[in-house]
Structures are given as C-alpha cells and as structure tokens.
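Under this note's numbering, the first sequence has 145 at position 136, and the numbering climbs by one with no breaks.
The beta carbon of each residue, even a glycine, is placed where N, CA and C say it ideally should be.
Being a predicted model, the structure only gives us computed values, none of them experimental.
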Amino acid sequence: MSGRAAKPPPAATLRRWEREQAQLKANVVEEDTEEWQKDSSFAGLERVGGVDLSYIKGDDTSACASLVVLSYPALEVLYEDCRMVAVSAPYVAGFLAFREVPFLVEAVQRLQQEEPKLKPQVLLVDGNGLLHPRGFGVACHLGVLTDLPCIGVAKNLLQVDGLVRNELHREQIRSLQREGDTFPLIGTSGRVLGMVLRSYNNSSKPLYISVGHRVCLETAVRLVKSCCRYRIPEPIRQADIRSREYIRTQLCSPLEVISSEPESRKEEAELDD
DNA sequence: GCGACAG
DNA sequence: ATCTTGTCGC
Numbered sequence: 010m011s012g013r014a015a016k017p018p019p020a021a022t023l024r025r026w027e028r029e030q031a032q033l034k035a036n037v038v039e040e041d042t043e044e045w046q047k048d049s050s051f052a053g054l055e056r057v058g059g060v061d062l063s064y065i066k067g068d069d070t071s072a073c074a075s076l077v078v079l080s081y082p083a084l085e086v087l088y089e090d091c092r093m094v095a096v097s098a099p100y101v102a103g104f105l106a107f108r109e110v111p112f113l114v115e116a117v118q119r120l121q122q123e124e125p126k127l128k129p130q131v132l133l134v135d136g137n138g139l140l141h142p143r144g145f146g147v148a149c150h151l152g153v154l155t156d157l158p159c160i161g162v163a164k165n166l167l168q169v170d171g172l173v174r175n176e177l178h179r180e181q182i183r184s185l186q187r188e189g190d191t192f193p194l195i196g197t198s199g200r201v202l203g204m205v206l207r208s209y210n211n212s213s214k215p216l217y218i219s220v221g222h223r224v225c226l227e228t229a230v231r232l233v234k235s236c237c238r239y240r241i242p243e244p245i246r247q248a249d250i251r252s253r254e255y256i257r258t259q260l261c262s263p264l265e266v267i268s269s270e271p272e273s274r275k276e277e278a279e280l281d282d
C-alpha cells in the first residue's frame with residue numbers, strides 16, 4: 010500500500026507526451042455547445058461535477074481520486090466517488106494530465122455506468138485548460154477524453170506565452186477589489202488565454218480560469234462565479250475535502266481517526282488574506 | 001549559469 | 001500536492 014519516489018521521466022517520454030497532447034488538442038472545442046450555457050441564469054443546468062486528487066505525504070504513488078457531483082444552483086452533493094489509486098507518472102509541470110487524468114476518466118466512466126442520471130453537465134477541473142505551454146492543460150485533456158464540457162480552475166499562475174507574475178501582475182490582482190472582479194490574461198501572441206477572478210471577498214488570492222472543452226471563457230468565468238461559496242468553487246472544494254478525508258481515514262487506525270476528528274476547528278473556515 | 005515549474 | 005495551531009479580525 011505504499012510506493013517509492015517518482016523518477017524523472019526520460020526525454021523520450023516527454024516527447025511522446027507532447028505528441029499526444031498535440032493530437033488530442035485538435036479535438037478541443039473552445040465554444041459553448043450546450044443550451045444552458047447561453048442562458049443568463051444557466052436554466053437547464055442541474056449538475057456540476059468537480060474532480061481532484063489528494064496525495065499522501067511521503068508517498069508519490071498513492072493518491073485518492075475523487076469525483077463529486079453537485080446540484081445546481083443549490084450546490085448540494087448528489088454523488089461522491091473516492092478511491093485509492095496507484096499513480097505511476099511523476100508530476101511534471103506542463104504534463105499534469107498524464108499523472109492524474111487516467112483516474113478521472115475512470116471515475117467518469119464508473120459514474121456513467123452506475124448512475125447515468127447523475128452524469129454532470131460540466132466538470133470543474135483543478136489546473137489549467139488553454140492556459141498551458143502547449144495550449145492543452147489537464148482541463149482540455151479530460152474534456153476531450155470524456156467529451157464533457159470542462160473548465161480549468163488553477164490556484165496559481167502558470168507563466169506561459171509571456172505571462173509573468175511580476176509587480177505589474179500583482180498590481181492587477183490588487184485592483185480586484187470585490188468578488189466577481191476579473192481581468193484577462195493576454196499572452197504575447199495577443200490571445201486571451203484565461204481570466205483572473207477574485208472569487209471571494211475574504212481572499213485577495215485569485216483564481217486562474219481557462220477554457221477546457223466545449224465552453225467559452227466568458228461562460229466558464231460566469232459559471233465558476235456562481236459556484237463559489239468560498240475561494241475555491243464548491244465542486245472542486247468538495248472533491249478536495251472528501252479525497253483528503255478519505256486518505257486520512259485510510260492512513261490512521263480506526264481509533265486514531267475518531268480521536269483526531271476535525272469537527273470543531275476548520276470545516277467552514279477557508280478565510281485567506 | 002539562472003530562474004521557472006498547474007497539481 | 002504535502003509539512004501544520006493558534007490566532008487575529010469581522
């Protein structure tokens with residue numbers, strides 16, 4: 010139930026991965042394809058999914074992959090799937106999908122088979138979509154493989170196409186005064202790669218939203234906004250909470266789990282700044 | 001050589 | 001991603 014450290018991937022593997030990204034990228038749709046996406050209040054949208062992987066401290070190969078489905082607009086959990094997985098690929102910036110996506114695809118397929126009526130109409134993904142060195146981040150990757158609308162939600166800026174988190178960038182972030190405020194990320198190429206969003210009044214740290222698949226950037230930002238109770242949009246936040254909790258109960262003996270219950274402390278805190 | 005590097 | 005409690009503030 011444990012594993013060793015992750016080895017750096019050979020250059021040949023990286024080249025193979027790059028080719029695969031280039032091939033799959035041809036299938037990405039950067040526009041709205043669903044009726045509910047065009048509605049000002051997302052009428053017709055009933056289920057939003059969130060995915061995440063949580064890892065064990067010293068173990069690079071054991072993780073918990075989770076997929077949750079929330080009702081919309083109430084944001085109540087309708088479905089939860091947490092499962093320990095054996096991660097084989099190491100983390101390499103720009104190739105996150107090759108580490109995490111296989112387990113997420115499995116989770117989606119499992120849901121499709123066991124609870125087809127709960128299949129999400131859109132997926133919020135930890136990480137980037139088009140905001141990526143080769144324009145094909147994990148949100149695009151998962152979107153193409155599952156043919157589901159996907160939105161990339163990153164907690165940190167991936168410096169790409171001339172984008173840098175310098176003083177100017179920090180100043181732009183400071184200019185986001187209230188939740189809902191945004192500014193676009195425009196690369197040297199002139200393309201709009203994503204949007205920086207202040208998602209929560211109590212946190213000055215923004216989110217980096219980008220198109221994954223079958224959704225346009227404006228719709229993506231609008232939907233993420235409408236899913237935020239705290240800084241992290243609820244579907245991803247629930248997937249994150251549940252996957253780490255799953256790991257915690259896997260790691261500790263039953264007695265320890267009971268005695269270290271987090272009950273009174275965190276739960277509903279998430280106040281940054 | 002130096003810095004950058006989603007999760 | 002993960003290591004980590006209390007604490008200051010609304």
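So if DSSP puts ARG56 in a beta bridge, which residue, or which two residues, is it bridged to?
Numbered from 1 along the first sequence, position 47 holds the residue referred to as residue 56. Answer by DSSP bridge pairing, in chain order: SER80.
Does the Cβ-Cβ distance between GLY203 and LEU132 come in under 8 Å?
Taking the first residue of the first sequence as position 1, residue 203 is located at position 194. Taking the first residue of the first sequence as position 1, residue 132 is located at position 123. No, the pair does not count as a contact, with Cβ atoms beyond the cut-off.
Out of LYS128, TYR217 and ASN36, which has the shortest C-alpha to C-alpha gap to LEU76?
In the first sequence, residue 76 corresponds to position 67, counting from 1. Comparing Cα-Cα distances from LEU76 to each of LYS128, TYR217 and ASN36, the minimum goes to LYS128.
Beta-carbon proximity list for ARG253, same chain, < 6 Å, skipping 5 on both sides:
Mapped onto the first sequence, residue 253 falls at position 244. The answer, listed in chain order, is SER63.
Given this structure, state the Cα-to-Cα distance separating ARG223 from ARG179, to the nearest angstrom.
As a working mapping, residue 223 is identified with position 214 in the first sequence. As a working mapping, residue 179 is identified with position 170 in the first sequence. For ARG223 and ARG179, the distance between alpha carbons rounds to 31 Å.
Can you give me the start and stop residues for the alpha helix (DSSP H) that CYS149 sits inside?
Here the question's residue 149 lines up with position 140 in the first sequence. Looking at the DSSP string, the run of the alpha helix (DSSP H) that includes CYS149 is 147-155.
Roughly how many whole angstroms lie between the Cα atoms of GLY59 and GLY53?
Here residue 59 refers to the residue found at position 50 when the first sequence is read from its first residue. Here residue 53 refers to the residue found at position 44 when the first sequence is read from its first residue. So the two alpha carbons sit approximately 18 Å from each other.
Which same chain residues, not among the five before or five after GLU272, have their C-beta less than 8 Å away from its C-beta?
As a first step, residue 272 is located in the first sequence; it is residue number 263 there, counting from the start. Bear in mind that a pLDDT of 48 at GLU272, under 50, signals an unreliable position, so the model cannot answer this.
Would you give the residue range spanned by the beta strand (DSSP E) that HIS222 belongs to?
Along the first sequence, one-based indexing puts residue 222 at 213. Residues 216-222.
Is ALA72 closer than 8 Å to VAL101 when the C-beta atoms are compared?
Locating residue 101 in the first sequence gives position 92, counting from the first residue. Locating residue 72 in the first sequence gives position 63, counting from the first residue. Taking 8 Å as the Cβ cut-off, VAL101 and ALA72 do not qualify as a contacting pair.
Go ahead and label ALA106 buried or exposed: buried means 16 or more other beta carbons lie within 10 angstroms of its beta carbon, across all protein chains shown.
Counted from its first residue, the first sequence places residue 106 at position 97. Buried, by the Cβ-count rule.
Assigned secondary structure, THR22 (DSSP; H/G/I helix, E/B strand, else coil):
Along the first sequence, read from residue 1 onward, the residue named residue 22 stands at position 13. DSSP places THR22 in helix when its eight states are reduced to three.
How many whole angstroms separate the CB atoms of PRO18 and PRO99, which I take to be in contact at a CB cut-off of 8 Å?
Numbered from its first residue, the first sequence carries residue 18 at position 9. Numbered from its first residue, the first sequence carries residue 99 at position 90. Rounded, the Cβ-Cβ distance is 6 Å, consistent with contact.
What residues in its chain sit with their C-beta under 7 Å from that of CYS225, if we drop five residues either side in the sequence?
Numbered from 1 along the first sequence, position 216 holds the residue referred to as residue 225. Excluding sequence neighbours, CYS225 sits near GLU39, GLU40 and ASP41.
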